[in-house]
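Below is one structure, written out as structure tokens; comments come after it.
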Amino acid sequence: MSYTGKLLRVNLTTGHSQVEELNKQWAVDYIGGKGLGLKYLYEELAPGVAPLSPDNKLILMTGLFTGTIIPLSGKLAIITKSPATGTILDCSIGGHFAAELKYAGYDAVILEGKASKPSYLYIEDKIVEIRDASELWGQGAQETELILREKINQEVKALAIGPAGENLVTMSCITSEFYRQAGRGGVGAVMGSKNLKAIAVRGSGSISVPNIKQFASSMKEFMQTDILTDTNLWANTDGTALLVDFNQDTGILPTKNFQQGTFDDYQAINSDALKAVRSGKKGCFSCALGCGNYSRTGRSTVEGPEYETLALGGSNCGISDLEAIIEFNDLCDNLGMDTISVGNVIAFAMELTEKGIKDFGLRFGDVEAYLKIPGLIAAQVGIGVDLGLGVKKLSEKYGGSDFAMHVKGLEFPGYEPRGSWGMGLAYATSDRGACHMRAWPVAQEAYGDLDAFTVEGKAQLVIELQHYNAVKFSLILCDFWALSLETMGTIVSNLLERTVTEQELSQVGERVVNLARQFNVREGFTKDNDTLPGRIFKETLKTGATKGQLLPLEEYEKMLAEYYSLRGWDRDGRPTDAKLQELGVN
Amino acid sequence: MKITIRFYGPLDKYGSQLGLYQQEIKSDFTLAQLVEQLGVPYSSLGLVVVNSVKRDVGYRLEENDEVKFFPIIAGG
Amino acid sequence: MVLKLIEELCIGCRLCQLACSVAKEEVFNPELARLKIISLYSKSGLNYKTSLCNMCLTCVNICPTEAISHQAGHLIYDQDKCTNCGICITACPESVIASRAEGIALCDLCGGSPACVEWCPHQALMNQEGN
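These protein sequences, in sequence, are chains H, Z and Y. The opening position of the first sequence corresponds to residue 5 in the working numbering, with each subsequent residue numbered one higher. The opening position of the second sequence corresponds to residue 1372 in the working numbering, with each subsequent residue numbered one higher. The opening position of the third sequence corresponds to residue 2 in the working numbering, with each subsequent residue numbered one higher.
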């Protein structure tokens, strides 16, 4: 067992906090992390709540594995209703915060209401205080953390927002340890809407599990035989930047707002180029891999850039100047914004400008103009007001919806679905909009043995991957450990001292996916929202391995219908009563 | 005949550890034979690209081919 | 024998501290570890804060009751001889020695094969010959 069994509920309006027992049955049904956070939000949030109103809640959820010696178990799930999409939103963030929260004695924190003035929450074991944050307000996410360390303790672990979150930008993120983000869907704005600048935690408690020495020794064995292997060590040797070469060669590297799947200057922004400016490495709590590459140039320092930033802030904006991308990354990190969405909205504005639809003064490859945008969006001034709307709302205002690359208002990550048709389905059916972390069939389609350009078998593949990832993010583990469900089952069984099979775990995954879907259905989402921008269905790619490819609409619809049917959902994408009953979701 | 080889990430240890390198191979050689000769376990091998085209191990190598071996990768 | 950290190889995962807390306290709690290695970003770069027994033997020399000795390459603590005076805790230049309800907790290199070294995923932490 490794739950603390305690949940901390903090009402920022009243300043009242209380400790509650964690719902044991829900912990069995949803484990922790993403799943358990979703369950709490689903039960506690009335339908139709405005995401930036005091009625929305922000849930921090650790998991069964958090704080233990299980490698790669350092992540925290953050769950809320998204101001970018109106859907359910869960993000996972690395670093050391989650473990510290658990050592402080809590599995979860539920934040409610809105503080009357800028505040931060301080938790130290049983001490819970809402403190004045007037001197922090307006500071960058990184400065905020430095000030908190200075004021409290060098080893305090913090979550913070930057000016973008304060200004309710719906692409703002939550930051920890300078460079780790709960990036997507505007979690930062939810914190900002609550007048909550930061959450700082110190924990001194211990976590016990049965037969701890034997348990640790089996985990050491897993580390040697299942983690420090050829299958996972790319994260250490290169980190996600390695994907630039993968995606260039498979024709799925988003370029110039997804007009192309290859980038002529890819070698200027790939892992080899990045190694020249690498100056250190850092991992999250209990991570044996260490994917964080610390990069320094004359102008800026950053952990990364990660692949998503290299793609969406690089090739997709036609930018091949690595120093500029690093600066862009650094700006977004400190202002507290998601580089995926910011990169996308810049690329979209570049195309709107070049097509003469709306002149933002932005052109593909124009480094100078590109570097001004993060500051304008975060401060909500000039064209930053428009660009801060995100791709969906910007297209509703000025046009260009066919090449507004988003699903449900969340901008595309860095994988071209015309070169990985299952990825298209994964984007369209992901619970929070276009996301690569709910299912990533790219590995099987673009890189693996499956035919990327067919819908055959893809619905089933995406379903299995969605269940797998839902379990992983509920345990909670980092997605860079490519472990089997069977291995997950072994570890869970050892902790809970009862046999948990891979089938049971997979069913937890299915339960989580269905609950998330129910949340979105309750919010009014239908089949019409499970779609992709027109570009994917109408325009063929012109270069590389995906030359001549599009995803035919009728094929897509066939795949989507099959997906609903295999899921036991009706033709409009609603989970049937029978399915919900089978899973115990109500 | 001469080909160019590049191993990525943790697979570099099966190559020159210098990035791109050239190697002399017999003519009429398949990717499978090359993989075997280089001692790369199949369980470690992800994407294989020859001249920017994804290939399976049955591919027959040609003079001046550029072969890239990528590791298996999860997440993104 | 002495613990040695190569910072360039360390990713700051704290598995070493977890391994120590399991080996010595039978719980997961990095704060209870008999070493500390953390890496923190600041505006000037990635900084390491470490606290490792470097076998300076200050504790051995200062202990008034010979409760701490150095034998076979590592420290040995004899709780029966310890009077809980706390001098070693104050004197330890690396702040590795901690007080416990009964006596003290120090790094004895797990008797020769330290759990922290065994766990280090990137061989950043080593148990070197000599002191």
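All C-beta atoms, glycine included, are put in the ideal place defined by N, C-alpha and C. Quick caveat, the model's predicted, so the values are computed rather than measured.
Is there a C-beta anywhere in chain H that falls below 9 Å from the one on residue i?
i: D1436/Z; result: no
i: I1444/Z; result: yes
i: I1374/Z; result: no
i: L1389/Z; result: no
i: S1423/Z; result: yes
i: S1398/Z; result: no
i: R15/Y; result: yes
i: G46/Y; result: yes
i: G1386/Z; result: no
Is DSSP giving residue i helix, strand or coil here?
i: Q129/Y; result: strand
i: L557/H; result: helix
i: G528/H; result: coil
i: Q143/H; result: coil
i: Y298/H; result: strand
i: Q271/H; result: helix
i: M56/Y; result: coil
i: Y7/H; result: coil
i: A50/H; result: coil
i: Q228/H; result: helix
i: F29/Y; result: strand
i: L1389/Z; result: coil
i: L487/H; result: coil
i: I134/H; result: strand
i: T547/H; result: coil
i: L393/H; result: coil
Considering residue i, what are the terminal residues of the alpha helix (DSSP H) in which it resides?
i: I467/H; result: 462-479
i: D253/H; result: 247-253
i: R4/H; result: For residue 4/H there is no data in the structure shown, the boundaries of chain H being 5 and 590.
i: Q29/H; result: 28-34
i: L335/H; result: 326-339
i: A582/H; result: 581-587
i: L454/H; result: Unbroken run through L454/H: none, as it is neither H nor E.
i: Q448/H; result: 446-449
i: R502/H; result: Premise fails: R502/H is in no alpha helix (DSSP H) and is neither H nor E.
Which residue or residues does DSSP assign as beta-bridge partners of residue i?
i: I203/H; result: L125/H, L163/H
i: N15/H; result: H20/H, E116/H
i: Q72/Y; result: H75/Y
i: N1422/Z; result: N1422/Z pairs with nothing; no bridge assigned.
i: F1378/Z; result: F1440/Z
i: Q1394/Z; result: I1374/Z
i: A37/Y; result: Checking the sequence shown, residue 37/Y turns out to be Lys, not Ala. Looking at the DSSP assignment, K37/Y forms a beta bridge with S52/Y.
i: T1401/Z; result: R1431/Z
i: E103/Y; result: According to DSSP, which records beta bridges pairwise, E103/Y is partnered with nothing at all.
i: W573/H; result: P579/H
i: E415/H; result: H410/H
i: Q264/H; result: T259/H
i: A186/H; result: I178/H
Can you tell me where the beta strand (DSSP E) with residue i in it begins and where it stops?
i: C95/H; result: 92-97
i: M65/H; result: 62-65
i: R282/H; result: 282-286
i: K5/Y; result: 3-6
i: S180/H; result: 178-180
i: K85/H; result: 80-85
i: T305/H; result: 305-307
Buried or exposed: where does residue i fall if 16 or more other Cβ atoms within 10 Å of its Cβ makes it buried?
i: R303/H; result: exposed
i: G1447/Z; result: Here G1447/Z scores only 48 on pLDDT, less than 50, and its place in the model should not be relied on; the value that follows carries that caveat. Buried: at least 16 other Cβ atoms inside 10 Å.
i: S22/Y; result: buried
i: S1413/Z; result: Correcting the residue identity first, residue 1413/Z is Tyr in this sequence and not Ser. Y1413/Z is exposed by the Cβ-count criterion.
i: A215/H; result: Checking the displayed sequence, the identity of residue 215/H turns out to be Asn instead of Ala. N215/H comes out exposed.
i: P445/H; result: buried
i: I134/Y; result: A query on residue 134/Y cannot be resolved here, the shown segment of chain Y reaching from 2 to 132 and no further.
i: N261/H; result: buried
i: T91/H; result: buried
Is residue i close to chain Y? Criterion is C-beta to C-beta, closer than 9 Å.
i: L307/H; result: Here the sequence assigns Glu to residue 307/H, which means Leu is not the residue at that position. Taking Cβ atoms only, chain Y reaches closer than 9 Å to E307/H, which makes this a yes.
i: R282/H; result: no
i: L587/H; result: no
i: R303/H; result: no
Say whether chain Z places a C-beta atom closer than 9 Å to the C-beta of residue i.
i: W485/H; result: yes
i: F262/H; result: no
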